[in-house]
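**Student:** Please read through the structure below; I'll follow up with questions.
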Amino acid sequence: MKIKPLDDRVLVKPVDPVEKTQSGIYLPDTAKEKSQEGLVIAVGTDEDLQSKIKEGDKVLFTKYGGTEIKIENTDHMILSRSDILAVIEG
Amino acid sequence: MKIKPLDDRVLVKPVDPVEKTQSGIYLPDTAKEKSQEGLVIAVGTDEDLQSKIKEGDKVLFTKYGGTEIKIENTDHMILSRSDILAVIEG
Amino acid sequence: MKIKPLDDRVLVKPVDPVEKTQSGIYLPDTAKEKSQEGLVIAVGTDEDLQSKIKEGDKVLFTKYGGTEIKIENTDHMILSRSDILAVIEG
Amino acid sequence: MKIKPLDDRVLVKPVDPVEKTQSGIYLPDTAKEKSQEGLVIAVGTDEDLQSKIKEGDKVLFTKYGGTEIKIENTDHMILSRSDILAVIEG
Amino acid sequence: MKIKPLDDRVLVKPVDPVEKTQSGIYLPDTAKEKSQEGLVIAVGTDEDLQSKIKEGDKVLFTKYGGTEIKIENTDHMILSRSDILAVIEG
Amino acid sequence: MKIKPLDDRVLVKPVDPVEKTQSGIYLPDTAKEKSQEGLVIAVGTDEDLQSKIKEGDKVLFTKYGGTEIKIENTDHMILSRSDILAVIEG
Amino acid sequence: MKIKPLDDRVLVKPVDPVEKTQSGIYLPDTAKEKSQEGLVIAVGTDEDLQSKIKEGDKVLFTKYGGTEIKIENTDHMILSRSDILAVIEG
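Protein chains in written order, with the numbering used here: chain E, 3 to 92; chain V, 3 to 92; chain F, 3 to 92; chain Z, 3 to 92; chain R, 3 to 92; chain U, 3 to 92; chain H, 3 to 92.
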């Protein structure tokens, strides 16, 4: 089974806190707008978006917005392009 | 009798919970934005949308938005394109 | 006397409940967004809309929006294109 | 003295209730969105609008919106294009 | 000293009640959206607007919106194009 | 140190009340929308805006909107184009 | 590890108060809309934005909006283009 997001949506698997520490990014609970790291599982049909974000990319996204789903018992998020803040490299 | 959605609307028959377990997707009741699986019965007149979603596709949609109708005693939804999150393959 | 809707408006005569049962569509009172069947009496001046909806079509529309008027003592609705959900064939 | 509406505005003289009965349109007080018949006195400078509505046309407009003015002691309305629902012929 | 409005703004000197009576327009206090007559002192830099409204025109404008300023002790208004309802001729 | 506003922003130094009296403009405290005179220090990168407003121009701006900053102990404002009402000449 | 902002986002490291005094800009706490200086760490994928703002630029941004993140224990902000008020030179 494969999930193909529509238009400018992105399917993301949130990365757990241990991994976050390793990447050196720490997202404070008290931040006025919360964000989180995630792994891109699938990118929507929008071609321009596909040129910017690839499957396997690590992304930083805002926690406000997006839809939570569970795939084979694992939490995932379906986000809109505007929820994606940045791609994390290295 | 056939229902032909206008513009970017999609007619969907929601899939019941048993089928959802089989596909490995589980949609938690507590998710902040609820979603649900459905079977596409008819796609609107918008050509670009028709190139992305076909009759018979399984889709994931957000529960907020859309209009409930009963066709021959079965629950259906008429959704806008923006309510469709992803196409589920396999 | 003839009413010619402007731009993307559509003049519709709502269809009564008996006819709804015959077409196999039943619109529950408890649905979060109510819809209703109607007969298209006149389509607005918008050419693109005229290629999608014709006089005599049966349409499904959302009850939110539109303006109620009585023509020769019969209830009618003037709807915007965005209030029309689908065309019902057969 | 002549009033020339700007852009997509339309100057309308509302038609009194007696005339409304004659045209067969009755606008219920209880309708959720109120409308009213009127006579077009002048059409705005927008060319596309001028091809759709002429001086002397009878129009149906929504009562929400528009600005009331009195010209030589008679009530008039200056409406935006979006307040005009339909042209009434015959 | 000269004031040149920017973009689609218009500088207007409101006309006092006596003049209003002469032009035959009376603007009721109880109108749901208030309007007022004024004399155009300067038109903004927008070329399309300059083709529609000239210095010296009498205009009808809605009282909601606009910024009050005093020039050499006289009340003036700086209005946006959307605040101008009509040009009054003759 | 030089501040270069981005896009359609304008850096303005508000002019004090004495200067305002000299120019003949008086901005009443009771006006429903407050405005103020200022001197343009720098215009944003937007080319169309640069053709309308120059460094050294005196402008009238609405007090709602804009961001206050102090440069070398003097109050300044960074305004958006839509906050600028007019250029004052002479 | 490198953070590459998406679209029109900008990654900024806020500059501390000492540096602010040196540049001659002082941002009052009581200002109705708060702003702050920062150092641009990375500019989003939008080409037009890249022609206006470079890595290493000092920028003035509004404090409302943006997402706080910590990178290697240092506070950073991911801002939208509309949050950037100006580039500070020299």
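We put the beta carbon where it would ideally sit given N, CA and C, even for glycine.
Since this is a predicted model, take the numbers as computed values, not measurements.
#1: Starting from the beta carbon of Thr69 (chain R), find every residue of chain Z whose beta carbon is closer than 9 Å, and list them in chain order.
#2: Let me check understanding here. Comparing Cα to Cα, which of Z:Leu13, Z:Val17 and Z:Ile43 lies closest to Ser82 (chain Z)?
#3: Flag this pair as yes or no: are the beta carbons of Ile5 (chain F) and Ala44 (chain Z) separated by less than 7 Å?
#4: Could you list which residues in chain E have their beta carbon closer than 8 Å to that of Ile80 (chain H), in chain order?
#5: In chain H, which residues lie with their C-beta within 9 Å of the C-beta of Glu49 (chain E)?
#6: Please tell me whether Asp9 (chain H) and Asp59 (chain H) are closer than 7 Å, where the distance is taken between their beta carbons.
#7: Quick one: what does DSSP say Ser37 (chain V) is sitting in, helix, strand or coil?
#8: Give the straight-line distance between the Cα atoms of Lys34 (chain U) and Thr69 (chain R), rounded to the nearest whole angstrom.
#9: DSSP three-state label for Gly50 (chain R), please.
#10: Does Ile5 (chain Z) get closer than 7 Å to chain R when you measure Cβ to Cβ?
#11: Rounded to whole angstroms, what's the CA-CA distance from Pro7 (chain F) to Asp50 (chain V)? Just pull it up for me.
#12: Return helix, strand or coil for Asp59 (chain R), following the three-state DSSP convention.
#13: Answer with buried or exposed for Glu74 (chain V), where buried requires no fewer than 16 other C-beta atoms within 10 angstroms of its C-beta.
#14: Would you tell me roughly how many angstroms separate the C-alpha atoms of Lys57 (chain Z) and Val42 (chain F), rounded to the nearest one?
#15: Can you list the residues of chain V that Gly40 (chain F) reaches, using a CB-CB cut of under 7 Å?
#16: Any idea what DSSP makes of Asp10 (chain U), helix, strand or coil?
#17: Give the residues of chain R in contact with Gly92 (chain U), contact being defined as C-beta atoms less than 7 Å apart.
#18: Quick one: is Met79 (chain E) buried, meaning 16 or more other Cβ sit within 10 Å of its Cβ, or exposed?
#19: Within 7 Å of any Cβ in chain V, is that where the Cβ of Lys65 (chain F) sits?
#20: Is it buried or exposed for Gly92 (chain F), if we count other Cβ within 10 angstroms and need 16 for buried?
#21: Using a C-beta cutoff of 7 Å, does Arg83 (chain Z) count as contacting chain R?
#22: Quick one: residues in its chain with C-beta nearer than 8 Å to the C-beta of Gly67 (chain V), no 5 flanking neighbours on either side, listed in chain order?
#23: Does any C-beta atom of chain R lie closer than 7 Å to the C-beta of Lys54 (chain U)?
#24: Are the beta-carbon atoms of Lys72 (chain U) and Gly40 (chain U) separated by less than 7 Å?
#25: From Met3 (chain V) to Ile55 (chain F), what distance separates their C-alpha atoms?
#26: Could you tell me the distance, in whole angstroms, from the CA atom of Ser53 (chain Z) to the CA atom of Gly46 (chain Z)?
#27: Which same chain residues end up closer than 8 Å to Thr76 (chain H) when comparing Cβ atoms and leaving out the 5 residues on each side of it in sequence?
#28: Under 6 Å from any heavy atom of the ligand MG, does the C-beta of Gly40 (chain E) make it?
#29: Over what stretch of residues does the beta strand (DSSP E) that includes Glu74 (chain H) continue unbroken?
#30: Can you name the start and end residues of the beta strand (DSSP E) that Val17 (chain R) belongs to?
**Tutor:** So, from the data block:
#1: Ordered by position in chain Z, no residue passes the 9 Å Cβ test against Thr69 (chain R), which lies about 19 Å from the chain.
#2: Nearest of Z:Leu13, Z:Val17 and Z:Ile43 to Ser82 (chain Z), Cα basis: Z:Leu13.
#3: no
#4: Ser37, Leu62, Leu87 and Ala88
#5: Simply none; closest approach about 14 Å.
#6: no
#7: Residue state, collapsed to three classes: strand.
#8: For Lys34 (chain U), the predicted model reports a pLDDT of 45, less than 50, meaning its position is unreliable; a value from the coordinates is still stated below. Rounded to the nearest angstrom, the two C-alpha atoms are 7 Å apart.
#9: A small correction: the amino acid at residue 50 (chain R) is Asp; Gly does not occupy that position in the sequence shown. Helix, per DSSP.
#10: yes
#11: 28 Å
#12: Asp59 (chain R) falls in the coil class under three-state DSSP.
#13: exposed
#14: It should be pointed out that residue 57 (chain Z) corresponds to Glu in this sequence rather than to Lys. So the two alpha carbons sit approximately 28 Å from each other.
#15: By Cβ distance, chain V contributes nothing, its closest Cβ being about 13 Å from Gly40 (chain F), past 7 Å.
#16: Note: Asp10 (chain U) maps to coil in three-state DSSP.
#17: Met3 and Lys4
#18: By the C-beta density criterion, Met79 (chain E) is buried, having at least 16 other C-beta atoms within 10 angstroms.
#19: no
#20: exposed
#21: Arg83 (chain Z) has a beta carbon lying at 7 Å or more from every beta carbon in chain R.
#22: Leu81, Ser82, Ser84 and Asp85
#23: yes
#24: no
#25: Cα-Cα distance, rounded: 17 Å.
#26: 11 Å
#27: Lys15
#28: Of the ligands one can find in the structure shown there are none, so the ligand MG has no counterpart to examine.
#29: From DSSP, Glu74 (chain H) is part of no beta strand (DSSP E); its letter is neither H nor E.
#30: That residue, Val17 (chain R), is in no beta strand (DSSP E); it is neither H nor E in DSSP.
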